[in-house]
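Undergrad: Residue numbers (full-length UniProt numbering): 1 to 782. Where is the CB? At the ideal position from N, CA and C, for every residue including glycine.
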Amino acid sequence: MINSDFTASIEEASSVIGKTWPLYGFVTSNPLSGYEDKTFGHAIRKASKYLDASVLPSSSMFAQAWTSGEINNHILKKMLEEAGLHQQSEFYLKEMERLKDSKPVNENRKLDRIIAKWLCAFMDEGMGEWEMPGRENGFFSCWRKLGIYDQEIGISSENEIPETADQALSAYLMGYSYQECVSIFTEHLAAMPGWAGYIKYRMSECSPWQRKYPITLKDYLAVRLCIANKIACGIYTERTTDQKQNDMFSLKMLWLKAWEKSWQMSLRKAIGNNLKQMKIESQTKTKPLAQFVFCIDTRSELIRRHIEAKREYETFGYAGFFGIAADYEDPGTGLLRKSCPPILSSAYTISEKPLPGRASEMSAYHQKIGVKAFMDFLGQRMKNMLPSAFGYVEGTGLFYGMALLWRGLRNSTRLVNKPGHENSCITHLNANNNKSTEKQLQIREKAAIVKSAFALLGWKDFAPLVVVAGHGSHSVNNPFASSLDCGACAASPGRHNARMLATLANHPEVRTLLRTEFNIDIPEQTFFLGAEHNTVTDELELFDIEAPASHHLMIRLLKSDLKEVQQQAIAERLKEKNGMNLAHKKSTNWAETRPEWGLAGNAGFIIAPRNVTRELNLKGRCFLHSYDWETDHDGLSLEMIMQGPMVVTQWINSHYYFSTVDNEKFGGGSKITHNVTGRFGVMRGNGGDLKYGLPLQSVNSSDRTIHHQPLRLSVIIQAPIERIEQILLKNAQLKQLIINEWIYLLVINPQDDNQIHLYQSDESWLLIDCEEPATLHRLSMV
Numbered sequence: 001m002i003n004s005d006f007t008a009s010i011e012e013a014s015s016v017i018g019k020t021w022p023l024y025g026f027v028t029s030n031p032l033s034g035y036e037d038k039t040f041g042h043a044i045r046k047a048s049k050y051l052d053a054s055v056l057p058s059s060s061m062f063a064q065a066w067t068s069g070e071i072n073n074h075i076l077k078k079m080l081e082e083a084g085l086h087q088q089s090e091f092y093l094k095e096m097e098r099l100k101d102s103k104p105v106n107e108n109r110k111l112d113r114i115i116a117k118w119l120c121a122f123m124d125e126g127m128g129e130w131e132m133p134g135r136e137n138g139f140f141s142c143w144r145k146l147g148i149y150d151q152e153i154g155i156s157s158e159n160e161i162p163e164t165a166d167q168a169l170s171a172y173l174m175g176y177s178y179q180e181c182v183s184i185f186t187e188h189l190a191a192m193p194g195w196a197g198y199i200k201y202r203m204s205e206c207s208p209w210q211r212k213y214p215i216t217l218k219d220y221l222a223v224r225l226c227i228a229n230k231i232a233c234g235i236y237t238e239r240t241t242d243q244k245q246n247d248m249f250s251l252k253m254l255w256l257k258a259w260e261k262s263w264q265m266s267l268r269k270a271i272g273n274n275l276k277q278m279k280i281e282s283q284t285k286t287k288p289l290a291q292f293v294f295c296i297d298t299r300s301e302l303i304r305r306h307i308e309a310k311r312e313y314e315t316f317g318y319a320g321f322f323g324i325a326a327d328y329e330d331p332g333t334g335l336l337r338k339s340c341p342p343i344l345s346s347a348y349t350i351s352e353k354p355l356p357g358r359a360s361e362m363s364a365y366h367q368k369i370g371v372k373a374f375m376d377f378l379g380q381r382m383k384n385m386l387p388s389a390f391g392y393v394e395g396t397g398l399f400y401g402m403a404l405l406w407r408g409l410r411n412s413t414r415l416v417n418k419p420g421h422e423n424s425c426i427t428h429l430n431a432n433n434n435k436s437t438e439k440q441l442q443i444r445e446k447a448a449i450v451k452s453a454f455a456l457l458g459w460k461d462f463a464p465l466v467v468v469a470g471h472g473s474h475s476v477n478n479p480f481a482s483s484l485d486c487g488a489c490a491a492s493p494g495r496h497n498a499r500m501l502a503t504l505a506n507h508p509e510v511r512t513l514l515r516t517e518f519n520i521d522i523p524e525q526t527f528f529l530g531a532e533h534n535t536v537t538d539e540l541e542l543f544d545i546e547a548p549a550s551h552h553l554m555i556r557l558l559k560s561d562l563k564e565v566q567q568q569a570i571a572e573r574l575k576e577k578n579g580m581n582l583a584h585k586k587s588t589n590w591a592e593t594r595p596e597w598g599l600a601g602n603a604g605f606i607i608a609p610r611n612v613t614r615e616l617n618l619k620g621r622c623f624l625h626s627y628d629w630e631t632d633h634d635g636l637s638l639e640m641i642m643q644g645p646m647v648v649t650q651w652i653n654s655h656y657y658f659s660t661v662d663n664e665k666f667g668g669g670s671k672i673t674h675n676v677t678g679r680f681g682v683m684r685g686n687g688g689d690l691k692y693g694l695p696l697q698s699v700n701s702s703d704r705t706i707h708h709q710p711l712r713l714s715v716i717i718q719a720p721i722e723r724i725e726q727i728l729l730k731n732a733q734l735k736q737l738i739i740n741e742w743i744y745l746l747v748i749n750p751q752d753d754n755q756i757h758l759y760q761s762d763e764s765w766l767l768i769d770c771e772e773p774a775t776l777h778r779l780s781m782v
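1) With a cut-off of 8 angstroms on the beta carbons, I'd call LEU514 and VAL467 a contact; round off their distance for me.
2) Verify the contact flag: GLY323, CB atom, against every heavy atom of the ligand NAP, threshold strictly below 8 angstroms.
3) Can you name the start and end residues of the alpha helix (DSSP H) that PRO508 belongs to?
4) How would you write the range of the beta strand (DSSP E) that ALA326 sits in, first residue to last?
5) Is it buried or exposed for TYR50, if we count other Cβ within 10 angstroms and need 16 for buried?
6) Does the pairing of the region 659-666 with the region 618-630 give three or more beta-carbon distances under 8 angstroms?
7) For PHE658, does the three-state DSSP call read helix, strand or coil?
8) What did DSSP end up calling MET127 once you bin it into helix, strand or coil?
9) The alpha helix (DSSP H) with ALA191 in it runs from where to where?
10) Looking at the strands, I want to know which residues DSSP matches up with HIS757.
11) Run through DSSP, which three-state label would MET203 get?
12) Report the residue from LEU542, GLN726 and CYS226 whose alpha carbon sits nearest the alpha carbon of GLU160.
13) Based on Cα-Cα distance, which residue from TRP263, LEU457, TRP255 and LEU465 lies nearest to GLU312?
14) May I have the straight-line CA-CA distance separating ALA165 from LEU696, to the nearest angstrom?
15) Short of 8 angstroms in beta carbon distance, which residues of its chain neighbour ASN675, apart from the five on each side in sequence? Order them along the chain.
16) For LYS38 and TYR201, I'd like the C-alpha separation in whole angstroms.
17) Who are the Cβ neighbours of PHE374 in its own chain at under 8 angstroms, not counting the five residues just before and after it?
18) Look at LYS338 and ILE426 and say whether their C-beta atoms are less than 9 angstroms apart.
19) Mind reading off the beta-carbon distance from THR20 to TYR692? Whole number of angstroms is fine, and I expect it under 8 angstroms.
20) If you follow the beta strand (DSSP E) that SER492 is in, where does it begin and where does it stop?
21) Give the range of the alpha helix (DSSP H) segment to which MET683 is assigned.
22) Quick one: is HIS625 buried, meaning 16 or more other Cβ sit within 10 Å of its Cβ, or exposed?
23) Specify, as a first and last residue, the run of the beta strand (DSSP E) that VAL467 falls within.
24) Could you work out which residue in PRO710, ALA591 and ALA488 is closest to THR28 when comparing CA atoms only?
25) Over the uninterrupted beta strand (DSSP E) stretch that includes THR673, give me the two end residues.
26) Please report how far the alpha carbon of TRP765 lies from the alpha carbon of MET174, in whole angstroms.
27) Alpha carbon to alpha carbon, how far is SER424 from LEU737?
28) Roughly how many whole angstroms lie between the Cα atoms of ALA65 and LYS665?
29) Between the region 7-23 and the region 174-191, are three or more C-beta pairs nearer than 8 angstroms?
30) Would you check if the distance between the CB atom of LEU504 and the CB atom of ILE641 is smaller than 9 angstroms?
31) Who are the near neighbours of PHE321 in its chain, counting only those whose CB is closer than 6 angstroms to its CB and skipping five residues on each side?
32) Find the nearest neighbour of THR588 within the set PHE605, ALA481, ILE555 and THR649, judged by alpha-carbon distance.
33) Are there 16 or more other CB atoms within 10 angstroms of the CB of GLY25, so buried, or fewer, so exposed?
34) If you follow the beta strand (DSSP E) that ALA290 is part of, which residue opens it and which one closes it?
35) Between PRO750, ASN749, VAL715 and ASN30, which has its C-alpha nearest LYS735's C-alpha?
36) Keeping to the same chain, check which residues put their C-beta closer than 7 angstroms to that of GLY669; ignore five residues upstream and five downstream.
Here it is, written out as structure tokens:
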């Protein structure tokens with residue numbers, strides 16, 4: 001290869017892998033995001049070729065959906081006939097089972113094992129007691145110095161290895177064309193997509209660990225090819241696809257589309273019936289006693305429905321960072337953690353200061369955090385220090401054994417990320433760029449955040465009490481705990497942003513500016529308070545320490561109602577009358593593999609006023625974002641929702657899809673054999689690739705039975721078609737996601753009697769008939 005830089009070829013090859021996010025900030029994303037400029041079919045064929053992965057549901061998954069009625073026979077039969085397949089549906093299920101392929105044997109296991117060993121040591125983030133020397137010089141340089149001590153490789157002198165990564169790649173790829181180098185790099189990155197994905201993450205996020213101990217994909221590939229050359233392992237394998245694989249692929253794609261169309265049909269029918277009924281009900285709408293703003297998260301759908309059924313309460317859906325692009329500063333440790341979508345830069349920092357008379361409580365919290373951190377540090381040191389390791393283990397073995405027995409018999413009460421000081425302090429918002437120093441400018445920025453939130457929601461009238469509820473998941477002994485927190489807050493709990501928005505909306509000067517400049521008049525008697533929805537127990541904790549006396553009685557009534565709502569929601573979710581006890585056991589049991597289901601089941605994203613879906617039991621399968629097209633005169637609010645939340649929900653949907661269709665390759669495998677490495681990831685056992693997807697227990701109800709239905713995201717928007725066409729015309733990337741079938745776009749056109757249209761790959765619109773049988777149903781109010 002003439003060009004010895006290799007940067008372009010490596011970048012092109014890296015499209016085959018997504019980012020691997022660390023356990024402490026486990027963001028769900030599309031593992032094939034580099035191929036989103038290609039059609040879904042083309043992308044998964046590429047992934048199947050290089051990753052040796054299953055990219056479509058298995059025959060057993062289709063059989064499960066077929067047996068349960070999730071695939072409509074009429075739809076499937078019609079699609080089969082259009083494809084020239086005239087046998088009964090069951091025949092093709094048997095064909096898929098008969099023709100299924102076994103996965104190829106990995107011929108480079110030794111190479112993978114050796115490179116993983118070196119990556120574990122180099123990328124460690126403080127878990128190991130002994131630090132690998134020379135890491136500050138970068139991965140390739142560090143390995144070149146130390147590789148001579150690895151007898152598995154057989155290097156007798158560092159002079160046998162080229163001095164730089166570029167020189168190494170040039171030496172081993174001499175004579176290969178640019179495109180052949182892309183294929184070679186693609187194969188080696190795809191061999192260990194978890195580790196390669198974490199390198200990609202560190203490079204793009206430029207974390208403190210990356211700044212201190214740099215590693216690049218070029219370094220990784222150079223080390224890998226050096227080792228491959230030394231152990232006489234081939235660097236390139238020609239891959240082909242036979243006719244049987246093509247036939248199987250086409251058949252499975254057809255079944256997947258039939259499954260997705262069946263889901264869309266039932267949802268369209270339910271929404272269509274709801275819209276007709278709501279025309280009558282909207283004429284008798286009463287003013288709500290209280291309003292709630294929840295995250296669009298699918299887990300909010302259940303509790304919103306039960307809250308609305310309880311009393312004259314109104315709920316809204318909004319991305320769970322609540323429009324505040326910020327980091328959160330932990331008052332106990334001073335550490336910053338991102339609390340907004342990864343696609344946004346943090347413009348602000350949310351900090352906390354004690355309320356008057358509450359300083360002692362905050363001090364006690366700080367002390368508790370400090371003591372726990374020290375004890376954790378001391379315990380880790382004692383276990384890892386060579387002189388004390390054996391004595392420490394023997395001396396404390398009885399204690400740990402008794403502790404394990406106690407925690408097994410009586411569930412642990414130590415909860416992760418649980419609120420503990422929020423009712424002792426007040427939130428503050430500070431600009432990260434240090435430019436907003438004038439008081440008036442700060443107020444203007446704060447008012448803009450509140451104004452933007454109200455505009456996106458289409459909010460017109462305010463109840464006396466408004467609850468802004470973030471969400472968090474509280475469980476113990478769960479390396480993947482952050483995957484259950486708020487995706488819109490970069491896998492952090494959303495309560496900090498919720499409290500911040502409530503504080504801003506209560507600010508007298510903010511309200512004055514909203515009224516005088518933006519024509520938003522918040523009644524004087526309206527009070528906003530932050531809250532957190534615990535998605536394991538469905539408890540809604542209100543942070544009401546600053547509530548005025550005029551609202552105390554109202555809040556007491558609300559808390560009483562929420563207690564009943566919690567019991568009803570848990571009973572429905574866990575299908576047990578006494579679900580409260582079971583939910584608490586799941587959150588505190590250190591051996592629980594499924595504390596909750598997270599976003600499993602997600603299949604739809606509805607952007608519309610709540611009356612479009614109110615009283616529908618969507619079974620926790622839809623993201624719900626409030627939006628009123630009539631208040632969004634220029635379409636900017638809808639454009640922001642499509643640019644932000646719609647893209648994020650597609651990430652989530654793709655992550656769950658691929659973690660389900662091939663959990664070993666795209667997911668995390670079983671939690672039972674997980675081994676935390678470097679504090680940032682897990683491996684199966686003591687080596688191999690870094691797991692970068694959801695564990696098996698997050699998507700399957702058993703080893704062989706899926707809980708999550710792997711369907712691509714169906715987005716349903718109530719807005720004029722012309723408005724959506726203008727947005728897509730301005731945003732090529734959004735249009736690409738839809739045309740390439742990563743997302744289905746359906747539009748409820750209010751200017752055409754709310755008829756539903758499906759956007760086609762040729763940019764035309766197909767009118768949908770909603771008069772087909774549906775499986776969703778409308779609930780009566782209780």
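TA: Straight from the coordinates:
1) Contact flag wrong, Cβ pair sits at about 19 angstroms.
2) Inclusion of the ligand NAP in the displayed structure is not the case, the ligand content being empty and no account of it being possible.
3) 508-518
4) 326-329
5) buried
6) no
7) helix
8) coil
9) 178-191
10) VAL747 and LEU767
11) helix
12) CYS226
13) LEU465
14) 37 angstroms
15) VAL682, MET683, ARG684, GLY685 and ASN686
16) 22 angstroms
17) With a pLDDT of 49 at PHE374, under the threshold of 50, the modelled position of this residue cannot be trusted; read the value that follows with caution. Excluding residues within five positions, none has a Cβ falling inside 8 angstroms.
18) no
19) 4 angstroms
20) No beta strand (DSSP E) contains SER492, which DSSP labels as neither H nor E.
21) Note, MET683: premise wrong, no alpha helix (DSSP H); beta strand (DSSP E) at 681-684.
22) buried
23) 465-472
24) ALA488
25) Note, THR673: premise wrong, no beta strand (DSSP E); not H, not E.
26) 52 angstroms
27) 45 angstroms
28) 22 angstroms
29) yes
30) no
31) CYS340, ALA488, CYS489 and ASN497
32) ALA481
33) buried
34) 290-295
35) VAL715
36) ASN663, ARG684, LYS691, PRO695 and LEU696
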